[in-house]
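Using this note's numbering, the letters of the sequence shown map in sequence onto residues 956 to 1058.
Here's the structure we're looking at; comments come further down.
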Amino acid sequence: MTGSDIKAQGTGTMNFIRLESATQNALRLLKLETDDSIASVKPEIMAQLAFILACAQYEKNPRDELPEGKAFTFGVLTSRYFTAPIHNELLANIDIIFEELLT
């Protein structure tokens, strides 16, 4: 699923508290990550999550606030680079973020 698919799908009511909490947790876990193999993608993932967090804190739908022509790629990046069992907590939070973005 691409960022534009996410932007087009929202039909329910977003739980901003849940979105904010999951995004804060994901950012916290990413900050603790020291694996050099993810150094190239970590800033992009963190920037996208920071954007989502700011939107959630102001109860704005990140899909609606995403500039035209831009797409969220953090899901693809995390699924490619965070595959070890130690990343399960991070991936669980990413799943929650996606659930909320798709509502």
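For each residue, glycine too, the CB sits at the ideal point set by N, CA and C.
Where residue i falls: helix, strand or coil (DSSP)
{"i": "G1024", "result": "coil"}
{"i": "V1031", "result": "helix"}
{"i": "A1005", "result": "helix"}
{"i": "S922", "result": "Outside the shown range of the chain, which is 956 to 1058, sits residue 922, and nothing can be said about it."}
{"i": "L1057", "result": "coil"}
From the options, residue whose alpha carbon lies closest to that of residue i
{"i": "N1048", "options": "R973, V996 and T968", "result": "R973"}
{"i": "F1037", "options": "F971, L984 and L1056", "result": "L984"}
Residues near residue i by beta carbon distance below 8 Å, same chain, minus five either side
{"i": "T968", "result": "T1058"}
Classification of residue i by the beta-carbon crowding that lies within 10 angstroms, buried from 16 upward
{"i": "A977", "result": "buried"}
{"i": "A1039", "result": "exposed"}
{"i": "L1056", "result": "buried"}
Under 8 Å between C-beta atoms of residue i and residue j
{"i": "L1046", "j": "L1008", "result": "no"}
7 Å Cβ shell around residue i - same chain, five flanking residues per side excluded
{"i": "F1053", "result": "G1030"}
Close-in-space but distant-in-sequence residues of the same chain around residue i (CB under 6 Å, 5 per side omitted)
{"i": "C1010", "result": "P1017 and E1020"}
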